[in-house]
C-alpha cells in the first residue's frame, strides 16, 4: 500500500524548475532511496512532502492526506533529519533533543528514555551537556539524526544522513535507519552516495534536473542495463576462435571481448545466474580456468546509463 | 496550547541566552534615564514639561516604552537569522499548525518585551512616587500593563512581518532603522503630544508628522502610563483602542507572512 503518492509534483523558483512533474509511489514500511546529484531536486521534493514549501503545481498524498489541503495532518506523520544540522539556539545536544521530543508530544518519562538511548547509541552521551558549537560537523550531524530516532515518526525522511561522518559512524547510522524501519517507520533516504543508496534501499528513484529518470529496486535497475554485468576469465591455455563464437551463443551473454588470447571479458546480464553455465562450458571444452572475476554495475553505472553522465559530471553541470 | 508553550520556551531560552547582554542593556537604559533626563531637565523649557513636575518624570515613561519596543523588536532579528540559516525549515517541519507557529512567535516577542521592560516600569513608578507621591491604582496598573502588552505584541508582529519579507540582513536592519526613527521621534516619547500638536498648528511641524505622532502606538503607550502616573494627559479609551488595532494588524500580517511568504 502506498503511504506517499506524488501526482505531477512540481516546484518552480522563478523561471527555474527545481522539481518537474514528479510521480512517485512509496510503499509503507520500505526504505526508499532518492538518488541524484546535488541540484537534482531531492531536497526540494522532501521539503514539499514535509509541507515546508508549497508545490507550484501538482500535489502529494501522505497517508491519504493531501499536502496542499491538509498540510497540518500530513506534517504530523513525518519527521525529517535535515542535510544541514538545524541546532538553533540551544547549547547542548540534550536540550536540542529534549525540546524536539517535547514538541513531538512525547511524555516526560518516554522523552528522557529515548533521548538517553539515542545519545548513547550515537556516541554522544558523554558530550550531552557540552556546547554543540564546539562539535565537529560529524557530531552535529549525529545530533540531527538523533531527532528522528527519538521521534520515531510514521514516515522518517533523512537527507544525506552520513555526510561528514566517519565510516564507523556511517555503519552505526545505517543500522539505526534499518532499526527504525523494522520498528514500523517508512524511510525516505535522500543521498548522492551510491553505495549508501544501494546498501539500504528497497527501491531507488533516480532524479536528474528535477525529473524522475527511473524507479525500481537496485537489483532490477542494475539488471536493466543490457550487458551491464561483467565476467573476466583468465584461461590456462589460449582460447580458439570457434570457442568464443560458441560462448556468445549462451543466453544473456551480450558480447565477448578477447583482451589477450587467454584473457576474455564477457558482457552479460544476470551474471550470478549464468556463471555456473560458463564454468561448465570451459570444463566441457577442456580449457582449465586460471582465475575468474565477476562484477555487476553500480548505481553510478545506472545513472550514467540513463543520463550519459557520471554523478560527478552531472553535479558540475 | 501546549505547543504554544513549547514555542515560548524556545524563544525565552533564546532570549536569556544573552542574559548578560540584556542586563547590560537594561543598565544602559536606566543610565540613559538618569543622565539624559537630568541633562534634558535643564535644557528643555519648563513650559513643555510643567504638568509633569519636570522633564525627568515626563521622560521616564517614554524611555520605558522605547525599551519595550526595542526588546519586542528583537524577535524579528532572530527570525530573520533563522530564515537565512534555514532553521525556519526545521520549525516549519514540526507538528505545529502555521497559526500556532505564527501566534506563538508573536506572543513570545511580546512577552519578552514585557519582561525586559519590567525593571524600567518599576523604576518609573518608583521615581514618580518619590518625587510626587503618586501611585497608580490597581485598575490603572492593569490598564498600563494591558496597553504595554498590546504595544509589545504589535511590535513583535511588526518585526516578524519585516523579518520574513526579506532574507537580506542588511535590508532588514535598514528597514528596522527607518521604523525605529519614525516611531521613536514622531511620538510623545520625547515631547508631550499637545506640544507637538501646538507646533503643528503654528506650522513649525508638518501636519503628517503630527498625525503620525497622534496615531503612533508608542505615544499611546507612553501617554497611558503618564495618564495613570500624573493625570496628564487625560486618559482616553482611544489609547487602548489604538494599540489594540496596532496589535491586531501586525499579529495578522505576521501570521500572513508565515502562511504565505515563508512557504513560497
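Residue numbers (the working numbering), protein chains in the order written: chain P, 173 to 489; chain S, 35 to 298. The C-beta atom is built at its ideal place from N, Cα and C for all residues, glycine as well. Please read all numbers here as calculations on a predicted model, not as lab measurements.
By the rule that beta-carbons nearer than 9 Å mark a contact, residue 248/P touches chain S. The criterion of a C-beta distance shorter than 9 Å is satisfied by residue 147/S and residue 106/S. The stretch 277–295 of chain S and the stretch 124–140 of chain S touch, with no fewer than 3 CB-CB distances between them shorter than 8 Å. Between the alpha carbons of residue 201/P and residue 356/P lies a gap of roughly 6 Å.
In this chain, the beta strand (DSSP E) harbouring residue 439/P covers 435–440. Excluding the 5 residues flanking it on each side, residue 245/P has same chain C-beta neighbours closer than 6 Å at 237, in chain order.
The beta-carbon distance between residue 295/S and residue 145/S, rounded to whole angstroms, is 24 Å. This is too long to meet the 8 Å contact definition. Distances from the alpha-carbon of residue 337/P to those of 352/P, 308/P, 318/P put 308/P closest.
In this structure, the beta-carbon distance from residue 436/P to residue 468/P does not fall below 9 Å.
Per DSSP, reduced to three states, the secondary structure at residue 254/P is coil, with no helix or strand assignment.
Residue range 375–380 is occupied by the beta strand (DSSP E) that includes residue 379/P. Interface annotation, residue 68/S: not in contact with chain P, CB-CB separation never under 9 Å. About 23 Å separates the beta carbon of residue 188/P from that of residue 360/P, a gap too long to meet the 8 Å contact definition. Within the stretch 177–208 of chain S, not one residue has a Cβ closer than 8 Å to any Cβ of chain P. Secondary structure note for residue 86/S: it is in no beta strand (DSSP E), with a DSSP letter that is neither H nor E. Listed by position along chain S, the residues whose Cβ is nearer than 7 Å to that of residue 274/P are 40.
Apart from the 5 residues on each side of it in sequence, residue 393/P sits with its Cβ closer than 8 Å to the Cβ of 376, 378, 386, 471, 474 in its chain, given in chain order. In the three-state reduction of the DSSP assignment, residue 347/P falls in the helix class.
Taking a beta-carbon distance threshold of 9 Å, residue 130/S counts as an interface residue toward chain P.
Nearest to residue 53/S by C-alpha distance, out of 64/S, 97/S, 150/S, 129/S, is 150/S. Burial is judged here by how many other beta carbons sit within 10 angstroms of a residue's own beta carbon; residue 270/S has fewer than 16 and is exposed. Runs of beta strand (DSSP E) with 3 or more residues, each lying fully within the stretch 351–413 of chain P, are found at 358–363, 375–380, 383–388, 401–407, listed in chain order. Under the Cβ criterion of 9 Å, residue 277/P is counted among the residues facing chain S. Taken atom to atom, the span from the alpha-carbon of residue 96/S to that of residue 204/S is near 28 Å. Comparing C-alpha distances from residue 132/S to each of 248/P, 418/P, 339/P shows the shortest one belongs to 248/P. Residue 189/S carries a helical assignment under DSSP once its states are collapsed to helix, strand and coil.
Flagged as an interface residue toward chain S: residue 223/P, by a C-beta distance shorter than 9 Å. Shortest Cα-Cα distance from residue 457/P to any of 409/P, 445/P, 481/P, 443/P involves 409/P. With its beta carbon at least 9 Å from every one in chain P, residue 145/S lies outside the interface. If you compare the alpha carbons of 291/P, 364/P, 329/P with that of residue 350/P, the shortest gap goes to 329/P. At a cut-off of 9 Å between beta carbons, residue 266/P makes no contact with chain S.
Residue 36/S counts as exposed, since fewer than 16 other C-beta atoms from the protein chains shown sit within 10 angstroms of its C-beta. C-alpha of residue 72/S to C-alpha of residue 265/P: approximately 49 Å in a straight line. Inclusion of residue 323/P and residue 278/P in the CB contact set at 9 Å is warranted, their separation being smaller than that value. The DSSP-derived three-state label of residue 184/P is strand.
Of 101/S, 92/S, 64/S, the smallest CA-CA separation from residue 224/S is found for 92/S.
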